[in-house]
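Each remark here refers to the structure printed beneath this line.
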Amino acid sequence: MKACTALLAFCCARLFAVEPAPTIIAHRGASGYLPEHTMAAKALAYAQGADYLEQDLVLTKDGALIVQHDVMLDSTTDVATRFPGRQRANGSFYAIDFTLAEVRQLRVLERFNPKTGKAVYAGRFPAGVGEFRINTFEEEIVFIQGLNKSTGRKVGIYPEVKLAAWHRQEGQDLSKKMLAVLARYGYATKTDLCYVQCFEYAELQRLRNELGWKGRLVLLAGGKTPLIDTDDGLKEIAKVVDGIGPALSAIAEGRKPTGLVERAHAVGLKVHPYTLRTDALPKGFTDGKDYYRFLTQEAKVDGLFTDFPDIAR
Ligand code: G3P
Ligand code: CA
């Protein structure tokens, strides 16, 4: 009897994508504690019990997919001192102007304002110290899949296609390169532990309809857009994507849910808002755990991005 129950549970898990609820997505790793997108931040997020680890993706000059939030390197690395004179006319250093070999020479630092040199989050990892490096997308997948093997857990990946149209203007196709890596590492269908996210709806349509991605897709939204603000918009995008990733401000005003989660659920979309930061809470909340409880139990989001996976777990 026991064996039958176990077999049934195994078959169900294989047949249906059973998601942990609420789903905890480590935003750039455990970036509340260690410089974002470093392997150390990813390891900590994994150990803190995140269900998915996020990878923001940008390209180098020689077409390597690196895990890095900005297309510029100014705010998270020592590029200005390591490669003086390599900035564009606007004063910024772009990853796409550097080869992977050059990017590997950079030290990753806690995020700072390059104009003032000041840390963006004063209470986080100390400014200007540490020997952290930028990773490629493949290196990070190998790392996560390795941990999945050694721990027996199943932690997923959550790559974001950053500025797809801009990369194409620069002569490179980020989505195509990402899909090649995903295929190589076994991410292909909606039961595989991967969500592909993007702010550009046109790129998500391209991924689904032209490039043949059959896995899960999430439309990010930074502000007001008819695609998530109206029921017709939600109905339309539900033909292409599996979920939405709005800013937390779209989920509730103070302690009053806006109704977005209910409207998205009505058309079958999951809702994974960003970003819960215990050191940057909205008005009405003074405690990260309280905010997490509100979002998951009262506003009923399906999961969320957080810089502090331990608080959520
Ligand atoms: O991808 C979810 C969230 O990370 C979106 O904002 O700017 O941090 O990539 P950003
Ligand atoms: Ca992101």
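For the sequence shown, numbering that gives the first Met the number 0 assigns the number 0 to the initial residue and increments by one for each residue that follows.
Backbone N, C-alpha and C define an ideal beta-carbon position, used for all residues, glycine too.
- With the rule of 3 Cβ pairs closer than 8 Å, the stretch 135-155 does not count as touching the stretch 104-117.
- Exposure of residue 128 is indicated by the presence of fewer than 16 other C-beta atoms within 10 angstroms of its C-beta.
- Taking 7 Å as the cut-off, the beta carbon of residue 157 is found closer than this to the beta carbon of residue 194.
- Boundaries of the alpha helix (DSSP H) harbouring residue 261: 259-265, taken from the DSSP string.
- Residue 160 and residue 197 do touch by the CB rule: their CB atoms are close to 4 Å apart, below 8 Å.
- Residue 41 and residue 142 do touch by the CB rule: their CB atoms are close to 7 Å apart, below 8 Å.
- If only uninterrupted alpha helix (DSSP H) runs of at least 4 residues are considered, those enclosed by the stretch 62-121 are 78-81, 99-102.
- If you ignore the 5 residues before and after residue 236, its C-beta comes within less than 6 Å of the C-beta of 218, 226, all in its own chain and listed in chain order.
- In this structure residue 67 is in contact with residue 55, their Cβ atoms being roughly 6 Å apart against a cut-off of 8 Å.
- Residue selection by CB proximity (closer than 5 Å to any heavy atom of ligand 2) returns 55, 159 in chain order.
- Contact annotation, residue 64 with residue 180: C-beta distance approximately 6 Å; criterion of less than 8 Å satisfied.
- A Cβ-Cβ contact shorter than 7 Å links residue 73 with residue 113.
- The alpha-carbon of residue 35 is positioned some 7 Å away from that of residue 109.
- Per the coordinates, the alpha-carbon of residue 123 lies some 6 Å from the alpha-carbon of residue 31.
- Counted as a single uninterrupted DSSP element, the beta strand (DSSP E) harbouring residue 304 occupies residues 302-305.
- Within the DSSP bridge table, the entry for residue 273 names 246 as partners.
- Boundaries of the alpha helix (DSSP H) harbouring residue 141: 136-150, taken from the DSSP string.
- Contact annotation, residue 58 with residue 95: C-beta distance approximately 6 Å; criterion of less than 8 Å satisfied.
- Ligand 1 never approaches residue 307 closely enough for any of its heavy atoms to be under 6 Å from the residue's Cβ.
- Taking non-hydrogen atoms of ligand 1 into account, the C-beta of residue 273 is found less than 6 Å away from one of them.
- Listed in chain order, the non-local C-beta contacts of residue 309 below 8 Å within the same chain comprise 29, 47, 48, local neighbours out to five positions each way being set aside.
- About 6 Å separates the beta carbon of residue 105 from that of residue 78, a gap short enough to meet the 8 Å contact definition.
- For residue 133, there is no enclosing alpha helix (DSSP H), since its DSSP letter is neither H nor E.
- Nearest in C-alpha terms to residue 224, of all of 203, 184, 249, 38, is 249.
- Of the heavy atoms belonging to ligand 1, none sits nearer than 6 Å to the Cβ of residue 104.
- A Cβ-Cβ contact shorter than 7 Å links residue 242 with residue 269.
- Rounded to the nearest angstrom, the gap between the Cα atoms of residue 276 and residue 287 is 7 Å.
- Residue 244 places its beta carbon less than 7 Å from that of residue 273.
- In the three-state reduction of the DSSP assignment, residue 228 falls in the helix class.
- Remark: the C-beta of residue 242 is outside contact range of ligand 1, defined as less than 6 Å to any heavy atom.
- Our two residues, residue 38 and residue 26, have alpha carbons roughly 13 Å apart in a direct line.
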